[in-house]
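In what follows, a single structure is set out as C-alpha cells and then discussed.
There are 2 protein chains.
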Amino acid sequence: MSSATNRRDRARLPGPERRRQILDVTTRLVAERGFWGLSMQDVADGCGLTVPGLLHHVGSKDGLLVAVLEHRDAEDGRSLAAQLGLRPPEPADWTALARTPGVDLRRVCAALVRRNATQPEIVRLFAVLEAESLAPDHPAHDYFADRQAKTLDVFTELARPLCDDPRTLARQAVAMMDGLQIQWLRAPAETDLVDAWDAAAATLFGRPR
Amino acid sequence: MSSATNRRDRARLPGPERRRQILDVTTRLVAERGFWGLSMQDVADGCGLTVPGLLHHVGSKDGLLVAVLEHRDAEDGRSLAAQLGLRPPEPADWTALARTPGVDLRRVCAALVRRNATQPEIVRLFAVLEAESLAPDHPAHDYFADRQAKTLDVFTELARPLCDDPRTLARQAVAMMDGLQIQWLRAPAETDLVDAWDAAAATLFGRPR
DNA sequence: GTCTATAGGACGATAGAC
DNA sequence: GTCTATCGTCCTATAGAC
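Quick note, the sequences are listed as chains R and X, same order.
Per my numbering, the first sequence starts with residue 1272, numbered consecutively.
Per my numbering, the second sequence starts with residue 1272, numbered consecutively.
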C-alpha cells in the first residue's frame, strides 16, 4: 500500500486531472446553488482538498466560474461539430455553422436539444446562471450578454433559408428551447425534452421537412 | 419639525406601510441577487431599519421570501382579473378563468405579457427565482413546482377551444413567454416584449383572430 | 415596533511552511 | 501542489431594554 492515496486519503493528482475534477465538481454545485450560493469550501470538500489548495488552482472564486464556462464552451463546440459532421480542426467556431451547406436552424436545434437531453446537469447550470447573470455586477454578466447576442446572430443566419423574418424566428427558437428546458428540469418525469422540442419544431418551422 | 422623521431619520411607519416598504425593497434586491445572494442587512438598510427590526416583521429570511411571493400572487391575480373584466370578488382564483366565456389562452397571454412589459423588475424576480428554485432545498422550491403545474393545467383548459392538443400548446406558450422575457431582460433596448410576443402568438396560435 | 448587544458561524482570501 | 494558521468581513438569529 504505497502507491495510491498514501497521505490521509488525499490523492495527489497530476495537474490536468485535478483541474478536470475541480471543474466537474464546480459544475455540479453551481448547477445546484448558482454562483452566489456556491461556497469554495464545498468545492474543496468535493475534491478532497482544502480551500487554499483549491485557490492555488483557480486563483479566485470568479476565476473558478470563468474556467467552468470556458471548459463548457469548448466541449459543446466539439460535440455540436461532431453531431453535424463537421471537420474537427475548428470546432469552437459557431459562426462557421451558418456557412455550412445543408445545415439550417431546424437541424442545429434538433442536435442541440438531443445533446442537452443527455446532460440535465449542464442544462441546469446554464439555466441558473442565465438568470442570475442578469445582474450587471455578476461575474458572468458579460459572458452571457455576449453569448445571447452571438447565438441570436448565428441562429438568424441559420434561419434565413427558412422564412421571411429570420431574426424573429431565431428569437422564438431560442426562447422555446430555454423555456422547454426549464419545464423539463422542474418535472423530468412528466416531460420528455426531445418529444417536447419536436412538437415545438413543428409549430416553429412548419410540419416535418 | 416635530411630526415626521423625528428620531435620526428613521421614520416610525404604521404597520401596513412598513410591511409594504419591506416587500418593495426585498422584491428589488431578490430580483438583483436571487435568494442565496440576498442579505438581510441590505434589506434592513434599504428600509432604514436594523436587522433585528426587520426580523421582527418577517420572522426569518425564508419568511421574507414567502411574504414577497404571496404578495405578488395577490397583486397579479387582481391585475389579470381587472384586465379581462372579471368581477372583483374572487380575483385570486386563476382556475375560474378557464370557465369564463370568451376568455381563451390567446387573450390571457396577451394580457399577461402586456402587464409584464410594464414591470421588468417583477419579471426578473420570477425569472431568477424560477431557476434558483430548481434546487430541492430552495425555500421556494415547492412554491414554483406548484406554480408550474397549476399554470400548465389552467393554460391547458384555456387552449382547449383552440386546438387538438391543448397540453402541448400550453407548454409551448409558457415556454415562449418565459424565454422571450429572458431575452428582453438581457437586452431591453433591442427587444420590445409586446411586439416579440405578438409575433410569437401568430406562430403559436395562427394568424391574428 | 424598534433598538443595542452579541452569539456563533461561514465566507473568501493571504502568508508561509513543507 | 498542498498544507496549517489566520485575518477580517459578512451572515442569520436571539435576548432583552426601551
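All C-beta atoms in this analysis are idealised placements derived from N, C-alpha and C, irrespective of residue type, glycine included.
Predicted, not measured: the structure shown is a model, and the values here were computed from it.
- Within 7 Å of the CB of R1304(X), the CB atoms of chain R belong to W1307, A1406, in sequence order along the chain.
- Taking H1412(X) as the centre and dropping the five residues before and after it, the same chain places the C-beta of S1404, A1406 closer than 7 Å to its C-beta, in chain order.
- DSSP places T1422(X) inside the alpha helix (DSSP H), whose first and last residues are 1412–1430.
- With respect to the 8 Å criterion, Q1419(X) and A1458(R) are classified as neighbours on the basis of their beta carbons.
- Under the 8 Å criterion on CB atoms, Q1454(X) is classed as interfacial with respect to chain R.
- Contact annotation, V1322(R) with T1297(R): C-beta distance approximately 13 Å; criterion of less than 8 Å not satisfied.
- For R1377(X), not one C-beta of chain R is nearer than 8 Å to its own C-beta.
- For C1434(R), there is no enclosing alpha helix (DSSP H), since its DSSP letter is neither H nor E.
- With its beta carbon at least 8 Å from every one in chain R, T1389(X) lies outside the interface.
- Proximity of Q1312(R) to chain X, defined by a Cβ-Cβ separation below 8 Å, is not satisfied.
- A direct Cα-Cα distance of roughly 31 Å separates E1392(X) from Q1390(R).
- Across the structure, E1428(X) and C1380(X) are spaced so that their CA atoms are roughly 13 Å apart.
- Residues are counted here when their Cβ sits less than 9 Å from a Cβ of chain X; for the region 1430–1442 of chain R these are D1436, T1439, L1440, R1442, given in chain order.
- Among the residues facing chain R, A1460(X) is not included, as its CB has no counterpart in that chain under 8 Å away.
- Within chain X, the residues placing a beta-carbon under 8 Å from that of V1445(R) are G1450, Q1454, ordered along the chain.
- In this structure, the alpha-carbon of L1383(R) lies about 13 Å from that of L1368(R).
- Scanning its chain for C-beta atoms nearer than 7 Å, with the 5 sequence neighbours on each side dropped, one finds around F1476(X) the residues R1377, L1433, in chain order.
- Only exposed fits A1353(X), as fewer than 16 other CB atoms lie within 10 angstroms of its CB.
- For R1299(R), the enclosing alpha helix (DSSP H) covers residues 1286–1304.
- Boundaries of the alpha helix (DSSP H) around G1317(R): 1311–1318.
- Contact note: T1371(X) does not reach chain R at a C-beta cutoff of 8 Å; the least C-beta distance is about 25 Å.
- The continuous alpha helix (DSSP H) containing P1323(R) extends over residues 1322–1329.
- Residue contact check for R1395(X) against chain R: a CB pair falls below 8 Å.
- Beyond the five residues adjoining it in sequence on each side, A1441(R) comes within less than 6 Å, by CB distance, of L1423, F1426, T1427, A1430 in the same chain, given in chain order.
- Here DSSP, grouped into helix, strand and coil, assigns R1478(X) to coil.
- Rounded to the nearest whole angstrom, the C-alpha separation of M1311(X) and V1465(X) is 35 Å.
- Between the C-alpha atoms of L1326(X) and A1416(X) there is a straight-line separation of about 27 Å.
- With 16 or more other CB atoms across the displayed protein chains lying within 10 angstroms of its CB, E1401(X) is buried.
- Any Cβ of chain R closer than 8 Å to the Cβ of E1346(X) would place that residue at the interface, and such an atom is absent.
- Between L1456(X) and V1374(X), the CB-CB gap reaches or exceeds 8 Å.
- When 8 Å is used as the limit between beta carbons, V1399(R) is near these residues of chain X: A1402, E1403, L1405, in chain order.
- In this chain, the alpha helix (DSSP H) harbouring Q1354(R) covers 1332–1354.
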